[in-house]
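Shown next, in structure tokens, is the structure this report addresses.
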Amino acid sequence: RSRARDALFDRAVAEFFMRRALREAEKGLGRTSPNPAVGALLVKNGRIVARGHHARAGGPHAEVVALRAAGARARGADLYTTLEPCDHQGKTPPCSRAILEAGVRRVFVGSRDPNPLVNGKGMARLERGGVAVVKDVLRGDCDRLNAHWFTWITERRPHVTLKAAVTLDGKIATRTGDARWVTGEAARAWVHRLRDRVDAVLIGAGTARADDPELTTRLPGGRGRDAIRVVLDTDLSLPARLKLFHARSAAPTIVAHASERSRRLGPGVELLRCRRARRGGVDLRDLLAKLAARGVTHLLVEGGACVHARFLEEGLVDRIAVFVAPKIAGGDGLSLVASRGPARMADALRLADVHVERVGEDVLVTGVPAAE
Ligand code: AOF
Ligand code: ZN
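The structure is reproduced here in structure tokens:
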């Protein structure tokens with residue numbers, strides 16, 4: 018065979034195993050914050066001899082989980098890891114050292130680690146120790162898996178996903194405010210799977226009043242993990258009877274406000290005082306910084322129209338996911354974004370990196386709001 022063909026073959030093999038490592042990493046999504054979700058495999062003679070994933074912050078890193086599972090079989094094996102191995106003494110000893118000690122032959126790396134404690138040092142240490150390092154294997158997929166964590170580690174704010182459901186005519190509710198339900202069951206189940214993977218879910222006071230949602234994660238078999246629930250209530254005026262303040266959950270409910278006053282709500286409800294924005298309301302940047310400091314790496318914004326407008330206007334949305342239901346509400350229902358909007362269609366907010374899929378009877382459109 019030609020050299021070019023060998024190289025193609027090697028790459029296909031590397032990508033095959035990295036895809037399997039990604040599947041390991043996914044198991045940690047929503048459970049490792051403020052750490053990334055990472056997966057690792059040890060491969061010898063074309064066989065997976067061990068796998069590992071990072072299961073929770075403070076626990077062993079994926080590479081170490083796989084090395085421990087492999088024991089002596091790690092010697093001479095290839096290690097696949099979705100994120101560059103660390104090189105620092107943190108809550109656990111550096112993975113780079115464990116990899117060298119185990120006698121691993123080659124290391125295949127997906128994402129690079131922008132954490133200043135790592136940032137290339139892990140790969141450099143391995144190379145100095147005589148281990149061959151193959152970089153950027155399925156880097157795009159690996160980066161996407163931890164997109165939230167990359168935002169958090171580099172910008173010290175949570176990654177924001179805005180999720181909404183609209184009718185064909187762009188309404189999130191009818192003229193009376195009724196919104197149950199815009200989409201079908203499959204789309205609603207998809208939302209619960211998303212909640213299971215994020216650290217916090219946020220809504221505005223209007224939505225809290227109108228819909229009185231629980232915002233918990235309901236998955237078949239009760240496998241779900243509740244995210245922290247955040248409600249914007251600038252002047253602390255929401256009624257205490259709301260389900261948000263009572264629904265039982267291990268995760269707290271945070272009331273983000275900008276009031277001088279304080280008030281007592283049920284157990285598990287915390288008040289978080291933020292700066293007041295110049296245009297009124299809670300200062301969103303201040304709130305995001307405070308959530309990031311608590312380890313929130315991924316925030317899901319779930320309405321309503323005013324909250325959407327504020328996050329979008331301030332350029333704080335990293336990804337938007339809108340379900341479009343094949344129905345027409347007509348009339349004066351609320352639309353997706355409560356803002357006046359530009360005069361010219363040419364100035365409408367555009368999405369980049371657009372992805373479309375069918376979910377049950379609805380269509381899901383996701384994309385990244387393009388910066389002007
Ligand atoms: C993880 N899991 O599998 C890998 C990580 O706080 P520590 O000591 O656990 O270190 C966390 C950092 O280690 C994390 O921010 C990332 O840069 C690096 N790699 N972290 O939690 C893992 N491989
Ligand atoms: Zn590590």
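Note that the sequence shown covers residues 18 to 389 in UniProt numbering. The beta carbon of each residue, even a glycine, is placed where N, CA and C say it ideally should be.
In the three-state scheme derived from DSSP, where H, G and I count as helix and E and B as strand, residue 223 is classed as helix.
The residue from 64, 378, 168, 265 with its alpha-carbon nearest to that of residue 316 is 168. Residue state for residue 352 is assigned as strand, using DSSP reduced to three classes.
Taking the Cα positions, residue 296 is about 10 Å away from residue 327. In the three-state scheme derived from DSSP, where H, G and I count as helix and E and B as strand, residue 345 is classed as coil.
Annotation for residue 308: no beta strand (DSSP E) segment contains it, though the alpha helix (DSSP H) segment containing it runs 301-310. Secondary structure note for residue 125: its beta strand (DSSP E) is the uninterrupted segment 123-128.
In the structure shown, the three-state DSSP call for residue 237 is helix. The beta carbons of residue 131 and residue 171 sit about 5 Å from each other, so the pair counts as a contact at 8 Å. Around residue 342, the same chain offers 184, 199, 200, 379 as residues with beta carbons nearer than 6 Å, after the five sequence neighbours per side are excluded.
Nearest Cα to residue 118 within the set 101, 142, 129, 125: 142. Rounded to whole angstroms, the Cβ separation of residue 26 and residue 60 is 15 Å, and the two are not in contact under 8 Å. Bounds of the alpha helix (DSSP H) holding residue 209 are 202-214. In this structure, the ligand ZN has no non-hydrogen atom nearer than 7 Å to the beta-carbon of residue 378. When the Cα atoms are used, residue 129 and residue 287 turn out to be separated by approximately 36 Å.
Of the heavy atoms belonging to the ligand ZN, at least one sits nearer than 7 Å to the Cβ of residue 78. In its chain, beyond the 5 residues on either side, 252, 253 have a beta carbon closer than 6 Å to the beta carbon of residue 276.
Beta-bridge annotation (DSSP): residue 317 is paired with 178, 218. In this structure, DSSP gives residue 104 a state outside helix and strand, which the three-state scheme calls coil. Between residue 95 and the set 149, 103, 301, 210, the nearest pair of CA atoms involves 149. Here residue 383 carries a strand assignment [DSSP, helix/strand/coil].
Put simply, the region 308-325 touches the region 339-355. At least three CB pairs are less than 8 Å apart. Counting along the chain, the unbroken beta strand (DSSP E) around residue 246 starts and ends at 245-249.
An exposed status is given to residue 347, since fewer than 16 other beta-carbon atoms sit within 10 Å of its beta-carbon. By the neighbour-count definition (other C-beta atoms within 10 Å, threshold 16), residue 70 is a buried residue. By the Cβ neighbour-count rule, residue 193 is exposed, with fewer than 16 other Cβ atoms within 10 Å of its own. When the five nearest sequence neighbours on each side are left out, the beta carbons in the same chain lying within less than 7 Å of the beta carbon of residue 152 are those of 126, 140, in order along the chain. When DSSP states are grouped into helix, strand and coil, residue 372 belongs to the strand group. Listed as beta-bridge partners of residue 70 by DSSP are 56. Separation of the CB atoms of residue 179 and residue 325 is rounded to 6 Å, and the pair is thereby assigned contact status at 8 Å.
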